[in-house]
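Residue numbers for the sequence shown follow the numbering used here, beginning at 66 and rising by one. Glycine is no exception: its CB is placed at the ideal position from the N, C-alpha and C atoms. Contents: one structure, followed by commentary.
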Amino acid sequence: MYAIVPLPKQITYREGECPLNFPFTLATQGEVTLPLVLLRSYFPQVQLHNDPQKAAVLLSLDASFVEVGEEGYRLTVNPQGIQLMAAAPAGLFYGLQTLRQMLPAEQSGSVSLPCVVIEDAPAFSWRGFMLDEARHFFGMDTVKHVLDWMAFLKLNIFHWHLTDYQGWRVEIKQYPLLTEIGSQRKGTQLKHWMPVNKQFDWTPYGGFYTQEQIREIVAYAAERHITVVPEFDLPGHFTSVLAAYPEMGCTKEPYEVRCEWGIFKDVACVGSEQTRTFIKNVLDEFCGLFPGEFLHLGGDEVKYDHWRECADCQAEMQRQGFTDVSELHGFIMNELAEHLLAKGKTPVVWNECLKPNLRKEVVIMHWTPSAHELEESYQAVLNGYRVIFQTHSESYYDMPHTFNPMKKAYQAKSLAALTPEMMENTLGTQGALWTEFVRDETRLQFMAFPREAAKAEVAWGGPAPDDYFRFKKRWTALSDHLAGIGLSNQAPLEAVDPNFLTRLLHAARDTAVDMTAEQRRWQR
Numbered sequence: 066m067y068a069i070v071p072l073p074k075q076i077t078y079r080e081g082e083c084p085l086n087f088p089f090t091l092a093t094q095g096e097v098t099l100p101l102v103l104l105r106s107y108f109p110q111v112q113l114h115n116d117p118q119k120a121a122v123l124l125s126l127d128a129s130f131v132e133v134g135e136e137g138y139r140l141t142v143n144p145q146g147i148q149l150m151a152a153a154p155a156g157l158f159y160g161l162q163t164l165r166q167m168l169p170a171e172q173s174g175s176v177s178l179p180c181v182v183i184e185d186a187p188a189f190s191w192r193g194f195m196l197d198e199a200r201h202f203f204g205m206d207t208v209k210h211v212l213d214w215m216a217f218l219k220l221n222i223f224h225w226h227l228t229d230y231q232g233w234r235v236e237i238k239q240y241p242l243l244t245e246i247g248s249q250r251k252g253t254q255l256k257h258w259m260p261v262n263k264q265f266d267w268t269p270y271g272g273f274y275t276q277e278q279i280r281e282i283v284a285y286a287a288e289r290h291i292t293v294v295p296e297f298d299l300p301g302h303f304t305s306v307l308a309a310y311p312e313m314g315c316t317k318e319p320y321e322v323r324c325e326w327g328i329f330k331d332v333a334c335v336g337s338e339q340t341r342t343f344i345k346n347v348l349d350e351f352c353g354l355f356p357g358e359f360l361h362l363g364g365d366e367v368k369y370d371h372w373r374e375c376a377d378c379q380a381e382m383q384r385q386g387f388t389d390v391s392e393l394h395g396f397i398m399n400e401l402a403e404h405l406l407a408k409g410k411t412p413v414v415w416n417e418c419l420k421p422n423l424r425k426e427v428v429i430m431h432w433t434p435s436a437h438e439l440e441e442s443y444q445a446v447l448n449g450y451r452v453i454f455q456t457h458s459e460s461y462y463d464m465p466h467t468f469n470p471m472k473k474a475y476q477a478k479s480l481a482a483l484t485p486e487m488m489e490n491t492l493g494t495q496g497a498l499w500t501e502f503v504r505d506e507t508r509l510q511f512m513a514f515p516r517e518a519a520k521a522e523v524a525w526g527g528p529a530p531d532d533y534f535r536f537k538k539r540w541t542a543l544s545d546h547l548a549g550i551g552l553s554n555q556a557p558l559e560a561v562d563p564n565f566l567t568r569l570l571h572a573a574r575d576t577a578v579d580m581t582a583e584q585r586r587w588q589r
């Protein structure tokens, strides 16, 4: 039996075995353009062969093979060899990820593979992982590692949170102060969220990606059939912008990039034409850097205090005929959405932006934990909005495993509640790693995995709580592969799936005292 994650749609075992000697030969049919360097990173000793009849592995691209869709494939193992067939390059790529997992991690000597036919295609078109680099900056090497892990799991959306109160991480040529000032902070809050007895490391902290580096990462992702979706979070979460250009805020007073975590009153002055032009100019550079369809505009956790007191914002309310300051929120998101739509981009926003008259072309990303807000997102699906579910209790990996255990990610109750009618407008799902208390790649791995593997299985196959035990066995069986791709610091299954007493014992302490306590317990 093969251990494959995410679980394929259909696996049919047949009698017999396929002998495969390493290094094996591989041939292609059709317009297969898989980069050889990437192919050899998966199969180090592969030897290309010109004769499809004589090669041990045959990759076939046939546009008429439409029944599995552009991301689907058929993988056949028989006594004569291995055939992988797809209608489009993405399907061929995902079939290769399955083949990687079917072969031993150490590809040497020979192996006998059970004969099988795998027919596979994803349930959702959006299968994502979100990495926050505004709070902590990881750099190109770590981001490429993340993309490699995503490819292994057939994930196709890298949601890249690049701006927030605590840092601006992308070079914008027209506004150089965004990185000169906005990417730097004086220090960093440590240990826990509690408002009392806060502790800080007053070592200056910063970092950002040049446009050249951004393009390299985008290209690296594209080779792995991953679309990079950048996020410019606004009109709240705006302090790193205001530190560089305070005139874009309501008070015009000096700001500093935030060192502490939380939600603050700092907002863009949406009543100012100057501020709206500034934001559009920045978005234009984002559009040039990120060629994918989607661009995330944020829109979450906006505090309206400054808008209530700002002459420009109050004047804009009067011009628009608004009676409540919250209407400015919908106003700015619609105006920016129209700007992106005119450039061929699809805007994505957090579900707090579900205001009256929000354009239907805007994609909603649901995250908030309340049942009432989840119902609002369900209704949005029925009303014609496309929705992505990143629901807090199933998807937030900054929370200790005690709070959000892996089983919640796997059961995906927010998706299991969808009716067939609602599924039509549900793009998919993703996990999220906010990094207030994640400073390096070792902790990134511990917090994100294996929870993101469970999320990947749901994103590919749909909610499947009945297979949870077998999922854990399959993931454990892939340990040699995971070590081979550098994923060697993930949390053990005992940590990500704690029993009730363990959860009760550690639940309060791990967030009130030290967010890294859980990791230290398991890595002694």
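Is it the case that the Cβ atoms of residue i and residue j are separated by a distance below 7 angstroms?
i: Gly174; j: Tyr138; result: no
i: Thr456; j: Ser435; result: no
i: Trp525; j: Pro557; result: no
i: Val181; j: Tyr78; result: yes
i: Tyr320; j: Ala333; result: no
i: Ser442; j: Val427; result: no
i: Leu362; j: Val306; result: no
i: Phe329; j: Tyr230; result: yes
i: Val322; j: Arg250; result: yes
i: Val70; j: Trp540; result: yes
i: Phe351; j: Pro295; result: yes
i: Asp298; j: Thr228; result: yes
i: Ala519; j: Ala482; result: no
If you draw a straight line from the alpha carbon of residue i to that of residue j, how long is it in whole angstroms?
i: Arg574; j: Glu501; result: 17 angstroms
i: Lys538; j: Glu506; result: 25 angstroms
i: Pro241; j: Tyr310; result: 10 angstroms
i: Leu579; j: Met464; result: Sequence check: residue 579 is Asp here, not Leu. Rounded to whole angstroms, Asp579 to Met464 spans 12 angstroms at the Cα level.
i: Trp258; j: Arg200; result: 14 angstroms
i: Ala153; j: Gly364; result: 35 angstroms
i: Val97; j: Leu123; result: 11 angstroms
i: Glu312; j: Glu318; result: 8 angstroms
i: Val261; j: Gly357; result: 43 angstroms
i: Ser458; j: His466; result: 11 angstroms
i: Val561; j: Arg516; result: 7 angstroms
i: Ala445; j: Arg165; result: 39 angstroms
i: Tyr107; j: Ala513; result: 23 angstroms
i: Glu277; j: Gly204; result: 13 angstroms
i: Ala155; j: Glu135; result: 6 angstroms
i: Glu522; j: Lys472; result: 12 angstroms
i: Gln148; j: Asp532; result: 28 angstroms
i: Met487; j: Gly353; result: 34 angstroms
i: Val283; j: Met398; result: 26 angstroms
For residue i, I'd like the list of residues in its chain whose CB is within less than 8 angstroms of its CB, leaving aside the five on either flank, ordered along the chain.
i: Thr275; result: Glu236
i: Ala286; result: Leu212, Phe223, Thr292 and Val293
i: Leu492; result: Phe189, Ser190, Trp191, Val428, Arg451, Val452 and Ile453
i: Phe396; result: Val335, Glu381, Gln385 and Phe387
i: His546; result: Arg165, Gln166, Ala170 and Phe217
Terminal residues of the continuous beta strand (DSSP E) containing residue i?
i: Gln264; result: Gln264 to Asp266
i: Thr507; result: Careful: Thr507 lies outside any beta strand (DSSP E), inside the alpha helix (DSSP H) at Glu506 to Ala513.
i: Val142; result: Tyr138 to Asn143
i: Ala92; result: Thr90 to Gln94
i: Thr567; result: Per DSSP, Thr567 belongs to no beta strand (DSSP E); it is in the alpha helix (DSSP H), Phe565 to His571.
i: Asp127; result: Here Asp127 belongs to no beta strand (DSSP E), and DSSP marks it neither H nor E.
i: Glu80; result: Gln75 to Asn86
i: Ala582; result: Per DSSP, Ala582 belongs to no beta strand (DSSP E); it is in the alpha helix (DSSP H), Ala582 to Trp587.
i: Glu366; result: Per DSSP, Glu366 belongs to no beta strand (DSSP E) and is neither H nor E.
Let's see if you can read the secondary structure: which residues bound the alpha helix (DSSP H) around residue i?
i: Thr163; result: Pro154 to Met167
i: Ile279; result: Gln276 to Glu288
i: Glu489; result: Looking at the DSSP string, Glu489 is not in any alpha helix (DSSP H), and its letter there is neither H nor E.
i: Cys378; result: Ala376 to Gln385
i: Thr541; result: Tyr533 to Ala542
i: Val561; result: Leu558 to Val561
i: Thr576; result: Arg574 to Ala577
i: Tyr107; result: Leu101 to Tyr107
i: Leu480; result: Lys478 to Ala481
Can you list, in chain order, the residues of its chain with a C-beta nearer than 7 angstroms to that of residue i? Leave out the 5 residues immediately preceding and following it.
i: Pro73; result: Thr163, Ile183 and Asp185
i: Asp197; result: His226, Leu498, Trp499 and Thr500
i: Ala577; result: His257 and Met259
i: Leu552; result: Trp214, Gln510 and Phe514
Using a Cβ-Cβ cutoff of less than 6 angstroms, which residues in the same chain neighbour residue i once the five nearest sequence positions on both sides are dropped?
i: Tyr270; result: Arg250 and Thr253
i: Phe343; result: Met313
i: Asp370; result: Lys330
Query - alpha helix (DSSP H) runs contained entirely in the segment 307–359, provided each spans 4 or more residues - result: 338–354
Requested in this report: Would you mind listing the beta strand (DSSP E) stretches within the segment 194–271 that are 3+ residues and don't spill past its ends, in chain order?
Outcome: 222–226, 253–255 and 264–266
**Report entry** Continuous beta strand (DSSP E) assignments of at least 3 residues falling wholly in the segment 392–476
**Finding:** 411–415, 428–431 and 452–454
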